[in-house]
Amino acid sequence: MTSTDILFQPFKLKTLDLPNRIVMAPMTRVMAPDGIPGPANAAYYRKRAEGGVGLILSEGTVVDRPASRNEKDIPVFHGDAALKGWAEVINKVHAAGGKMAPQIWHTGSTKSMQNAWVPDAPVESPSGLLAPDTPRGVAMSDEDIADTIAAFASAAKSAKDLGFDTVEIHGAHGYLIDEFFWSGTNLRDDRYGGKTIAERSTFAREVVAATRAAVGPDFPIILRLSQWKQQDLTARLAPTPDEMTSWLAPLVEAGADILHCSQRRFWEPEFPELDGENGLNFAGWAKKLTGAATISVGSVGLSSDFFTAFGGQGSKQAELDQLINRMEKGEFDLIAIGRVLLTDPDWVAKIRDNRMAELKGFDPASLGELV
Ligand SMILES: Cc1cc2nc3c(=O)[nH]c(=O)nc-3n(C[C@H](O)[C@H](O)[C@H](O)COP(=O)(O)O)c2cc1C
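Everything in the sequence shown is counted per full-length UniProt numbering, starting at 1 for the first residue and increasing by one.
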């Protein structure tokens with residue numbers, strides 16, 4: 001059997017010191033009543049720390065804008081009550097020996113996947129679009145944009161002040177930051193829009209730069225990105241390595257230390273026409289092109305991708321050989337695990353201690369409870 005040692009190598013970057021390479025992927029649970037995380041949320045994260053996860057990324061938690069979330073029970077990351085709840089979360093995780101970042105988020109013009117809840121304030125996005133030819137909400141003014149950038153910076157500063165170990169900015173999956181990246185939802189003719197991905201990255205660069213200014217030089221910043229969007233799974237922001245460089249290098253220069261490159265299946269090559277069917281994945285290319293540390297993700301240890309979960313499908317346990325092979329070659333630095341950790345909080349400890357027969361795969365019933 002393949003040795004899993006590579007997964008248990010420590011990782012250090014600036015003030016972040018991780019005992020292993022395994023990250024809990026951010027997963028929205030919509031179980032923080034009125035946006036305030038409580039004891040159940042803290043216990044849920046503590047259990048994953050006890051189970052040996054190297055770095056826990058919280059579910060998306062939203063910044064201080066009137067319409068920054070699309071579900072009432074998505075946790076917020078501003079205001080005394082919520083920050084008190086988050087302080088309890090990080091204290092519990094630290095007490096169990098874990099490390100953690102909040103994933104800070106603005107859902108842009110996306111709709112709730114579960115119900116018809118809408119925020120009191122107008123839904124906002126770069127051009128008042130949810131997808132090409134699909135209007136939703138209002139186009140943001142310069143003032144809205146400046147306030148949103150400040151809200152991300154302020155949330156990151158709060159994360160640092162509360163004692164979180166790092167912060168992740170959610171720039172993926174078709175939410176606000178990604179709506180600026182994507183030509184399908186960003187039709188602006190000011191400096192936040194443009195024909196190229198480099199031009200449409202201005203908003204994200206300003207978010208990262210303001211975040212960096214707020215947390216200082218030593219606090220690591222993770223930025224999550226994806227080519228695909230929930231609005232269009234086939235969308236690609238950067239169809240060539242040159243375009244990928246023009247997208248990512250300025251974000252790293254602005255202050256992103258770790259790029260979290262979201263794929264639904266980590267083994268899929270990003271540019272197979274250049275390096276073949278077993279070629280580098282998104283995280284592999286992002287690392288090669290920018291030199292930044294990267295996190296990969298997508299169906300690790302499972303037999304089907306995460307969109308099937310929303311249709312109520314489970315997923316069986318799968319081998320780790322391909323992951324280990326890629327990590328041994330240094331293709332990317334860290335690997336995020338999503339659904340498996342919902343069903344099996346002890347997955348990491350089981351892999352570490354070679355208790356393979358005890359692995360559980362993913363049971364969709366786990367989505368309905370916070371345990
Ligand atoms: C229930 C659920 C909620 C999710 N919520 C988020 C989220 O808040 N932020 C995010 O960036 N990705 C989110 N994702 C995507 C996961 O972070 C991850 O990329 C995806 O599940 C693939 O990993 P997996 O195949 O190991 O589950 C979510 C996925 C699931 C299943």
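All C-beta atoms, glycine included, are put in the ideal place defined by N, C-alpha and C.
One or two residues paired with residue i in a DSSP bridge
i	result
ALA131	THR134
VAL76	VAL62
LEU334	ILE295
ASP321	Its beta-bridge partners do not exist; DSSP assigns none.
residue 382	Past the boundaries of the shown model lies residue 382; the chain is included only from 1 to 371, so the question cannot be answered.
MET100	ILE56
TRP105	VAL62
ILE258	ILE222 and ALA293
LYS229	HIS173 and ASP232
LYS12	ASP17
SER125	ALA139
PHE362	SER315
MET24	ILE56 and ILE337
residue 450	What is shown of the chain runs 1 to 371, which leaves residue 450 out entirely.
Local Cβ density within 10 Å of residue i, reported as buried at 16 or more and exposed below that
i	result
GLU71	buried
GLY276	exposed
VAL53	buried
TRP35	For clarity, residue 35 is Gly in the given sequence; the question names Trp instead. Buried: at least 16 other Cβ atoms inside 10 Å.
GLN231	buried
ASP64	buried
PHE307	exposed
THR134	exposed
SER158	buried
LYS12	exposed
ARG355	exposed
THR196	exposed
VAL26	The question names Val, but residue 26 in the sequence shown is Pro. Under this definition PRO26 is a buried residue.
VAL348	buried
ASP178	buried
GLY97	exposed
SER201	buried
LYS229	buried
VAL371	exposed
PRO39	exposed
Alpha-carbon spacing of residue i relative to residue j, whole angstroms
i	j	result
LYS329	ASP5	13 angstroms
VAL93	SER58	11 angstroms
ALA95	ALA43	11 angstroms
GLY368	GLY311	13 angstroms
PHE282	VAL118	34 angstroms
ARG29	ASP147	27 angstroms
GLU358	ALA155	39 angstroms
GLU270	CYS261	11 angstroms
PRO364	ALA309	6 angstroms
ALA213	LEU233	34 angstroms
GLN313	GLU143	43 angstroms
SER183	PRO33	35 angstroms
GLN227	ARG46	32 angstroms
TRP267	TRP285	13 angstroms
ARG136	THR2	49 angstroms
ALA336	ILE295	7 angstroms
ALA82	LEU320	38 angstroms
GLY255	ILE221	7 angstroms
PHE77	GLU273	42 angstroms
SER141	LYS84	32 angstroms
SER299	ARG265	5 angstroms
PRO19	GLN9	7 angstroms
Check whether residue i and residue j have beta carbons under 9 angstroms apart
i	j	result
ASP344	GLY51	yes
ILE74	GLU168	no
ALA293	ASP257	yes
LEU251	ARG191	no
ALA238	LEU248	yes
GLN263	VAL297	yes
PRO126	GLY194	no
GLY174	THR185	yes
LEU16	LYS99	yes
LYS160	VAL215	yes
ARG48	LEU334	no
THR240	THR290	no
GLU88	GLY108	no
ARG69	ALA139	no
MET31	LEU55	no
VAL340	GLY279	no
LYS287	GLU243	no
ASN91	GLY163	yes
TRP225	ALA172	Here residue 225 is Leu; the residue named in the question, Trp, does not match the sequence. The answer is yes: Cβ separation under 9 angstroms.
PRO66	ALA150	no
PHE203	PHE219	no
Any non-hydrogen atom of ligand 3 closer than 8 angstroms to residue i Cβ
i	result
GLN231	Because ligand 3 does not appear in the structure shown, any question about it cannot be addressed here, the ligands present being ligand 1.
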